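For the sequence shown, position 113 (counting from the first letter as 1) is numbered 113 according to the UniProt record's numbering, and the numbering increases by one without interruption.
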Amino acid sequence: MSCDSRSTPQEQLRSDKVHPPVPPMPVINLGHLTLEPETRSRVVEDIANACHDLGYFQVINHGISQSVMDRAVEAASEFFKLPSETKQEFASDDIRRPVRYGTSSKDGTRPSRTFLKHYAHPLSEWMKYWPEKPPTYREDMGKFSAGVRRVALELMEAILEGLGLGKHYQHEEFENGLQLLQVNCYPKEPEGESAIGLAPHSDHGFLTILLASCPGLEVLDRSSDTWRVVQQPRHALHVHVGDCMEVLSNGRVKTAVHRAVLNHGEARISMASIHSFAMHEKVSVAKELVDEQDPEKYKESSFSDFLDYLMSNADKKRMSFLESLRT
Numbered sequence: 001m002s003c004d005s006r007s008t009p010q011e012q013l014r015s016d017k018v019h020p021p022v023p024p025m026p027v028i029n030l031g032h033l034t035l036e037p038e039t040r041s042r043v044v045e046d047i048a049n050a051c052h053d054l055g056y057f058q059v060i061n062h063g064i065s066q067s068v069m070d071r072a073v074e075a076a077s078e079f080f081k082l083p084s085e086t087k088q089e090f091a092s093d094d095i096r097r098p099v100r101y102g103t104s105s106k107d108g109t110r111p112s113r114t115f116l117k118h119y120a121h122p123l124s125e126w127m128k129y130w131p132e133k134p135p136t137y138r139e140d141m142g143k144f145s146a147g148v149r150r151v152a153l154e155l156m157e158a159i160l161e162g163l164g165l166g167k168h169y170q171h172e173e174f175e176n177g178l179q180l181l182q183v184n185c186y187p188k189e190p191e192g193e194s195a196i197g198l199a200p201h202s203d204h205g206f207l208t209i210l211l212a213s214c215p216g217l218e219v220l221d222r223s224s225d226t227w228r229v230v231q232q233p234r235h236a237l238h239v240h241v242g243d244c245m246e247v248l249s250n251g252r253v254k255t256a257v258h259r260a261v262l263n264h265g266e267a268r269i270s271m272a273s274i275h276s277f278a279m280h281e282k283v284s285v286a287k288e289l290v291d292e293q294d295p296e297k298y299k300e301s302s303f304s305d306f307l308d309y310l311m312s313n314a315d316k317k318r319m320s321f322l323e324s325l326r327t
């Protein structure tokens, strides 16, 4: 099980320079979506512009309490502190397993990331497979997962509205969709060294909503081909669009390329909630966004197709799954 759609070759990134987020990262007050139509329209336009111009933004007033977010981060941190033999119970090379633990290394000896990936919707179906240790993990991560899924559905309605498709477009497919929670632990980096915790990539799905304990996420600014450091203010959630959104929008919205870097002297917990259609439900270009001047640019596919592609392409340097869908 994985959500990484592609690793972007470094030669495709013309600059490895890192710049602070100037102009500031777009911040959307999600609570304004429920206000009068005029205010909602302005928020929908702001979300549409952020998706089109950048592929990422942040949301506040999203309805998930700070205590729920803090407890989820703490539960994740406590899981990664468990004895190795306890965590290894979930270790597997089978990416289709409902819960999977693993590590990655930057030099073959020192880990650059430890992760736990598991499905989260519906909770009644998947939570029974989650770790039972620490004792609070299921309850605390379950509350966070449910809250993030509600936020994702609200954002999808706004994005679809901004694309001119209407907020109820494919409503049933989104309601019955897949949620994958990827919980990461990045170790602290010794002074004088610099390392990538997770190589440049985009996520497969419509939206990824991320909560982190400290900075470490960088997004690629398409206009300047430079990396922008993402600062996540307290109570804010970071959002970036994925490959499925690019496909559905027929390229009007581009997937966000991002990476994780290690911090000097501070470990980092991040929780990325990826949202897509159900495992075998096909995502295709919205026919309403196709005409003679703008023909269909992508083939349809499912999340299951994506996993099949990862397994067949695991040790080969070939095109990304999204690239394979371009017509």
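Cβ coordinates follow ideal geometry from the N, Cα and C atoms, glycine included.
None of the values given here were measured: they were computed from a predicted structure.
Could you check how far apart the C-beta atoms of residue i and residue j are, in whole angstroms? I think they sit under 8 Å.
i    : j    : result
N250 : D305 : Not really, about 19 Å apart at Cβ, beyond 8 Å.
P98  : Y137 : No, P98 and Y137 are not in contact; Cβ-Cβ is about 15 Å, not under 8 Å.
Q58  : M25  : 6 Å
K167 : E161 : 5 Å
K297 : R326 : 6 Å
Measuring CB to CB, does residue i end up less than 9 Å from residue j?
i    : j    : result
L198 : N184 : yes
A256 : S312 : no
I95  : H204 : no
V285 : L248 : yes
R100 : H118 : yes
M245 : L181 : no
E175 : L153 : yes
F80  : I269 : yes
L155 : V239 : yes
S302 : F277 : yes
V219 : H258 : yes
R222 : K254 : yes
I64  : F115 : no
L35  : V151 : no
A272 : P187 : no
K287 : E300 : no
Y56  : V261 : no
Could you tell me the alpha carbon to alpha carbon distance between residue i and residue j, rounded to whole angstroms?
i           : j    : result
L178        : H280 : 10 Å
M127        : R149 : 15 Å
P83         : G102 : 14 Å
V73         : V290 : 42 Å
N263        : E38  : 43 Å
S112        : E189 : 9 Å
D46         : I159 : 10 Å
S15         : D53  : Below a pLDDT of 50, predicted positions are generally treated as unreliable, and S15, at 45, falls in that range; the measurement from the model is reported next regardless. Distance between the alpha carbons of S15 and D53 is about 19 Å.
L211        : H235 : 9 Å
A146        : A76  : 16 Å
T86         : A195 : 28 Å
P131        : S224 : 42 Å
P215        : L237 : 12 Å
S92         : R42  : 46 Å
R252        : R40  : 22 Å
K32         : L123 : Just to set this straight, residue 32 is His in the shown sequence, not Lys. Answer to the nearest angstrom: the Cα atoms are 28 Å apart.
P200        : D243 : 14 Å
L163        : S104 : 38 Å
P233        : E292 : 44 Å
V68         : N61  : 14 Å
residue 407 : E139 : In the structure displayed, the chain extends from 1 to 327; residue 407 sits before or after that span and is not available.
K133        : E78  : 8 Å
N49         : S324 : 27 Å
P135        : E157 : 35 Å
Q88         : T226 : 38 Å
V241        : D70  : 24 Å
C51         : G265 : 34 Å
Y169        : V27  : 25 Å
I209        : V44  : 18 Å
Which partner residues does residue i have in the DSSP bridge list?
i    : result
W130 : In DSSP, W130 forms no bridge with anything.
E218 : V229, R259
C244 : None; C244 has no bridge partner.
T114 : T103, C185
M271 : V183, L211
V283 : S301
Y169 : None; Y169 has no bridge partner.
Q58  : V27, H238
R326 : Y298
Does the CB of residue i have a neighbour CB from chain D at under 9 Å?
i    : result
P122 : The structure shown contains no chain D; it holds only a single protein chain.
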